[in-house]
Amino acid sequence: MELRNKQRIFLSVFFFISGFAFSTWASRIPTIKTFYGFNDVQMGSVLLAMPVSSLIGLPISGWLISRFDSRIPLAVAFGINSVALACIGLASTPLLLIITISVFAFTMRIFSIAVNTQTITLQKYHQKKIIGSFHGLWSSGGIAGVGFSTLMVAYAVSIEAHLAIVAALCLAVTLFSFPYLLKNDRTSQGNKLILGKPDPYILYLGVLVFFAAVCEGGMFDWSGIFFREVLHVEIFTYGYLIFMVFMALSRFLSDRIIEKIGIPTTYVLSSLMIVAGIGLSVIFPAVWTVLIGFSLTGFGTASVVPMTYALAGASKKYSPGLAISIVATYATVGMLVGPPLIGYLSHAFGLRMAFVAFAVSGLLFIPVSRLFFLHQKAQASDQPQPVS
Numbered sequence: 016m017e018l019r020n021k022q023r024i025f026l027s028v029f030f031f032i033s034g035f036a037f038s039t040w041a042s043r044i045p046t047i048k049t050f051y052g053f054n055d056v057q058m059g060s061v062l063l064a065m066p067v068s069s070l071i072g073l074p075i076s077g078w079l080i081s082r083f084d085s086r087i088p089l090a091v092a093f094g095i096n097s098v099a100l101a102c103i104g105l106a107s108t109p110l111l112l113i114i115t116i117s118v119f120a121f122t123m124r125i126f127s128i129a130v131n132t133q134t135i136t137l138q139k140y141h142q143k144k145i146i147g148s149f150h151g152l153w154s155s156g157g158i159a160g161v162g163f164s165t166l167m168v169a170y171a172v173s174i175e176a177h178l179a180i181v182a183a184l185c186l187a188v189t190l191f192s193f194p195y196l197l198k199n200d201r202t203s204q205g206n207k208l209i210l211g212k213p214d215p216y217i218l219y220l221g222v223l224v225f226f227a228a229v230c231e232g233g234m235f236d237w238s239g240i241f242f243r244e245v246l247h248v249e250i251f252t253y254g255y256l257i258f259m260v261f262m263a264l265s266r267f268l269s270d271r272i273i274e275k276i277g278i279p280t281t282y283v284l285s286s287l288m289i290v291a292g293i294g295l296s297v298i299f300p301a302v303w304t305v306l307i308g309f310s311l312t313g314f315g316t317a318s319v320v321p322m323t324y325a326l327a328g329a330s331k332k333y334s335p336g337l338a339i340s341i342v343a344t345y346a347t348v349g350m351l352v353g354p355p356l357i358g359y360l361s362h363a364f365g366l367r368m369a370f371v372a373f374a375v376s377g378l379l380f381i382p383v384s385r386l387f388f389l390h391q392k393a394q395a396s397d398q399p400q401p402v403s
C-alpha cells in the first residue's frame, strides 16, 4: 500500500477513536450530574474545568509541535488522556472529579493540535480535499461512542466499568497505530508567536471557531440533559446521538459541499441551519421536533471547525501547527464560555430558553465570515502583480 494512503488510514483511526472517547465522556455527564446531585449552576461550574485546562494546554501544545514531530505529542497526550478517562469514572469526590476532568481536557487539547497538524501536512500530498473526512470520522467515532454508551446505560453497566473499557481500547489503538503516523513533519519556520496587533486573518478565523465552539461544546454537554430534564426521556443519550449522527454526515459531505458552493456560502448555510434547528427545538419542545432540531444544528455546526482550521493552515504568517494552535485558543475560550453560560442561563430562565444562546452564536457566523473574506480579498489585491 502507498505510504501516504497508509498514513491517512492510521490517522483516520486516531480521529475515530478520539471521537469515541470524547462522546463516551460527554454522554455520561447526566450520570455524573445525578450521582453528585449537582444543580445546573454546579454542573456548569464543574464543566468549566475543561476549557480552563484546555486553554492551559494550548501554548504547551504549540511548543511541543515546534520541538518534535507531531506524532510524538499526539500519541503521548492520547495515552494519558485514556488513563484520565478511566479515572473520571473512579473519582469519588467532586475535587477528584475536577482534577481528572482537567487532565482529560488538557491532554485532549494537545492531541487535537497535533492530530490537526498531521491532517494539514497530509493534505499537501492529496489533490482532493480530505480534511473534512477526518473530522467526519471523529464524529462517526462519536456516534459509535454514544451508541455504546446507550447500551451501557440501558443495561445498567456502571460508569466505572464503562469508562475503563473505553480507556483500554484507546490505549491499545495508540500503541498499534503510532508507528504508521506521518513522520518528519516538524517545521523550522513560522513557529514563533509574533506579539503586537492581532493578525486580522487569524483573528476573524478565531472568532468564527469561538462561536462554533459555543454551539458545539454546549450541545455536547447539555443535549443529554435537555432530553432528560425538558423532554423527560429516560434514555437521555438520544439527543446527543442524533446531534453526532448529523455532525458526521455533514463532515463527510462538507468537502463536496465546499467544492460545489464555496466556503463563504457554506458558512451562511451553517448559520441558517443552526438557527432553524435551535428555534424548532425551543419553540416546539417535543421528542420528534427536538430530534429534527438537533439534526439541523449538528449538520450546521459540523463543517465550521474543519474548514476554518484548513483556512488557518494556509496562513502566510505562521506555520500550520502554530496557526491552528492560535485559532484553537479562540475555540477553547468558546468552550470556556459556552457550557457554563448555558448552566447559568438555565438557572435563571430555564434550560429551554438557555438554548437560544446557541442560535445567537450560529447567526453570528454570517457577519464574521463576511468580514474575513473581505479582508482576504483586500489582502490578495495588495499582493504585487507579476510583470509580464
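Numbered according to our numbering, the sequence shown spans residues 16 to 403.
Idealized CB from N, CA, C, for every residue including glycine.
For clarity, every value in this text was computed on a predicted model and none was experimentally measured.
The continuous alpha helix (DSSP H) containing I32 extends over residues L18 to S42.
In the DSSP annotation of this structure, the continuous segment of the alpha helix (DSSP H) that includes A187 starts and ends at I174 to S192.
The segment 233-242 and the segment 104-115 do not touch, with fewer than three beta-carbon pairs separated by less than 8 Å. Between the C-alpha atoms of M123 and S69 there is a straight-line separation of about 7 Å.
Between the alpha carbons of M58 and R43 lies a distance of about 13 Å. In this chain, the alpha helix (DSSP H) harbouring E274 covers T252 to I276.
DSSP places F83 in the coil class of the three-state scheme, outside both helix and strand. Of all C-beta pairs linking the segment 296-315 to the segment 16-30, fewer than three are shorter than 8 Å, placing the two stretches out of contact. Secondary structure of D236 (DSSP, three-state): helix. The Cβ atoms of G254 and S238 lie closer than 7 Å to each other. For K21 against Y140, the beta-carbon gap comes to about 12 Å, at or over 8 Å, which does not count as contact. Counting of Cβ neighbours within 10 angstroms places P354 among the buried residues, the total reaching 16 or more. For the pair L287 and D55, the Cα-to-Cα distance works out to about 28 Å. Membership of A346 in the alpha helix (DSSP H) is indicated by the continuous run P335 to F364. Here the segment 291-311 lies against the segment 241-253, with 3 or more beta-carbon pairs under 8 Å apart. Of the other Cβ atoms in all chains shown, 16 or more fall within 10 Å of the Cβ of K48; this residue is therefore buried. By the C-beta criterion, the segment 134-149 is judged to be in contact with the segment 267-280, since at least 3 inter-stretch pairs fall below 8 Å.
Ranked by how close their Cα comes to the Cα of Q391, the residues M350, A329 and L137 have A329 in first place. In this structure D200 does not touch T304 by the C-beta definition: roughly 46 Å separates them, more than the 8 Å allowed.
Counting other Cβ atoms within 10 Å of its Cβ, M368 stays below 16 and is therefore classed as exposed. Taking one beta carbon from each stretch, the segment 61-68 and the segment 76-87 have fewer than 3 pairs nearer than 8 Å; the two do not touch. Looking at A327, M350, I32 and G358, the one whose alpha-carbon comes closest to that of D214 is A327. Residues of the same chain with a CB within less than 6 Å of the CB of F258, apart from the 5 flanking positions on each side, are M234, S238, F309 and G313 in chain order. Counting along the chain, L311 sits inside the alpha helix (DSSP H) bounded by residues V302 to A317.
Judged by DSSP in its simplified three-state form, G221 adopts helix. With respect to Y345, F225 sits close: the two C-beta atoms are nearer than 7 Å. For the 7 Å CB-CB criterion, I128 and S340 form a contact. Residue state for I293 is assigned as helix, using DSSP reduced to three classes.
For the pair V229 and I32, the CB atoms are not nearer than the 7 Å cut-off. The DSSP assignment places 86-105 and 109-138 as complete runs of the alpha helix (DSSP H) inside the segment 68-149, in order along the chain (cut-off: 4 residues). In this model, I240 and L256 are separated by some 13 Å (Cα to Cα).
In the structure shown, F50 adopts helical secondary structure according to DSSP, grouped into three states. Residue V320 holds the alpha-carbon nearest to the alpha-carbon of Y282 among V320, M262 and E249.
In this structure, L73 and A343 form a Cβ contact; the two beta carbons are roughly 6 Å apart against a cut-off of 8 Å. According to the DSSP assignment, L62 belongs to the alpha helix (DSSP H) that extends over D55 to L62.
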